[in-house]
């Protein structure tokens, strides 16, 4: 009964329609105009051969490459290879990162131990690990997943830790004054308070780990978007390179949008920011 | 415990906040919420059970806060300047409502405040404390009958009590001020 009453409680937020968000706001209009203008200049420069079109490709050539890739289905194995490595690796990195972050936040000594390692893996360029990882895990999927985990864990852990630290003393005090156990405090005070931070960590981590997958595929692979991009580059197929970049950009935006939705879902309690 | 700042968990609704203490004691969530519901009604928050603290006014937050503290049925309720952040009118209203709630529960309440009239209006006994070091300088028994309407604040008896406490605090404040000037002569020489 209480559950059914819930939807009535929140003020009605008008549902946004795509048409409105795409064309309604000044911001969107100018944003789209900017893209269109740049594409037009690009196309013109390429058509007139002001710059060799083989070097810079052109929007129409990229579109043609896209249509070709999707029509023949050639894109799917590559997309699948990249995505599966990323999803598995990022899931592990997120779990590990959140766990390390929570433990570091709760246990001072654990933090001292973890801190130096997290900082070290952060400062050292993750990609420098590639040769060693290949030695250890071979050139298959495993080494790529490990690279993603190495890259992503730091961002999630550091942000989670910041969230736990920010779990304001007064809320912990309230919880304790009601005799809440440590596990209950974790579940009811520390985690909910840290969610915005954790999501920030996931956002940062997701962008960096996509880069890691692509680079790993550059270095050693026979499949994946990174492989497709580097191979096309070698064959001077710039349209296909650009197409690969576009796919990655779209992927990145998609992930960011999904995380944004999760964030809003958890953040129902946050008063609207005006 | 009821603190000065509304310390409701911003990520829970008023109802879940109110049920929190009961759940900590091991009560099953459904039952805890049922009981919390009744307490929210008592403090005049029915209809706002599913609002998040951010959607409530400061006064309403303090009511929910109070309901949460009463819910666990403590032996003594400690209220640390709970109305300090409220505007004068809301504060008066909350004072008389607190008395109403108290009349239903008859809990012992230790109430900390800087407002002399608030202390007298609410209490049976006012303990006046000095500043640094905090020592008891007076123990005043308030003989006003109950229930106490707000108008009682304008009665002669009330005024007499107010004067007595204010007199003591005044000498205390003055003495403190003077001793501080002695320690910090630069403050006066400017």
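Protein chains in written order, with my numbering: chain U, 1 to 274; chain R, 1 to 190. Every residue gets a Cβ at the ideal spot worked out from N, C-alpha and C, and that includes glycine. If you're wondering where the values come from, they're calculated on a predicted model, not measured in any experiment.
What does the alpha-carbon distance come out to for the pair residue i and residue j?
| i | j | result |
| --- | --- | --- |
| residue 142/U | residue 173/U | 45 Å |
| residue 130/R | residue 113/R | 13 Å |
| residue 108/R | residue 2/R | 13 Å |
| residue 228/U | residue 94/U | 27 Å |
| residue 21/R | residue 99/U | 27 Å |
| residue 45/U | residue 58/U | 8 Å |
| residue 17/R | residue 149/R | 31 Å |
| residue 34/U | residue 48/U | 21 Å |
| residue 259/U | residue 205/U | 11 Å |
| residue 226/U | residue 243/U | 12 Å |
| residue 29/R | residue 212/U | 45 Å |
| residue 61/R | residue 53/R | 6 Å |
Using CA atoms only, rank isn't needed, just tell me which of the options is closest to residue i.
| i | options | result |
| --- | --- | --- |
| residue 119/U | 186/U, 89/U, 155/U | 155/U |
| residue 99/R | 112/R, 75/R, 146/R, 68/R | 146/R |
| residue 87/U | 249/U, 108/U, 152/U, 33/U | 152/U |
| residue 50/R | 59/R, 37/R, 42/R, 62/R | 37/R |
| residue 246/U | 79/U, 54/U, 116/U | 79/U |
| residue 217/R | 125/R, 68/R, 41/R | Given that chain R is displayed from residue 1 to residue 190, the structure contains no residue 217/R and the question cannot be resolved. |
| residue 142/R | 136/R, 125/R, 156/R, 155/R | 125/R |
| residue 237/U | 37/U, 43/U, 27/U, 64/U | 64/U |
| residue 83/R | 102/R, 74/R, 63/R | 63/R |
| residue 97/R | 85/R, 164/R, 122/R, 76/R | 122/R |
| residue 69/U | 97/U, 116/U, 241/U, 131/U | 241/U |
| residue 134/R | 31/R, 176/R, 140/R | 176/R |
| residue 13/R | 160/R, 27/R, 65/R | 65/R |
| residue 93/R | 55/R, 165/R, 39/R, 153/R | 153/R |
| residue 73/R | 178/U, 208/U, 253/U | 178/U |
| residue 188/U | 261/U, 197/U, 176/U, 199/U | 176/U |
| residue 59/R | 91/R, 151/R, 19/R | 91/R |
| residue 183/U | 201/U, 41/U, 106/U, 230/U | 106/U |
DSSP three-state call for residue i: helix, strand or coil?
| i | result |
| --- | --- |
| residue 132/R | coil |
| residue 83/U | helix |
| residue 146/R | coil |
| residue 141/R | strand |
| residue 43/R | coil |
| residue 80/R | strand |
| residue 38/U | helix |
| residue 108/R | strand |
| residue 32/U | helix |
| residue 215/U | helix |
| residue 72/R | coil |
| residue 210/U | helix |
| residue 113/U | helix |
| residue 173/R | helix |
State the CB to CB distance for the pair residue i and residue j, rounded to an integer number of angstroms; the pair is presumed to be in contact (CB under 8 Å).
| i | j | result |
| --- | --- | --- |
| residue 101/U | residue 149/U | At roughly 15 Å, the Cβ-Cβ gap does not stay under 8 Å, so residue 101/U and residue 149/U are not in contact. |
| residue 110/R | residue 168/R | Between residue 168/R and residue 110/R the Cβ distance is about 20 Å, and since that is not below 8 Å, they are no contact. |
| residue 118/R | residue 95/R | 6 Å |
| residue 139/U | residue 220/U | 4 Å |
| residue 157/U | residue 194/U | The pair is not a contact, with the Cβ atoms about 12 Å apart (cut-off 8 Å). |
Would residue i count as contacting chain A if we go by Cβ distances under 8 Å?
| i | result |
| --- | --- |
| residue 125/U | Absent from the structure is chain A; the protein chains it does hold are U and R. |
For this session: Determine which residues of the stretch 109–121 of chain R have a Cβ less than 7 Å from any Cβ of chain U, and write them out in chain order.
Result: For the stretch 109–121 of chain R, which is checked against every Cβ of chain U, not one residue is closer than 7 Å.
For this session: Note down, in chain order, all residues in the stretch 171–184 of chain U with a beta-carbon under 7 Å from any beta-carbon belonging to chain R.
Result: 171, 174, 177, 178, 179, 180, 184
For this session: Name, going along the chain, the residues of the stretch 63–79 of chain R whose beta-carbon falls closer than 7 Å to a beta-carbon of chain U.
Result: Here the close residues are 72.
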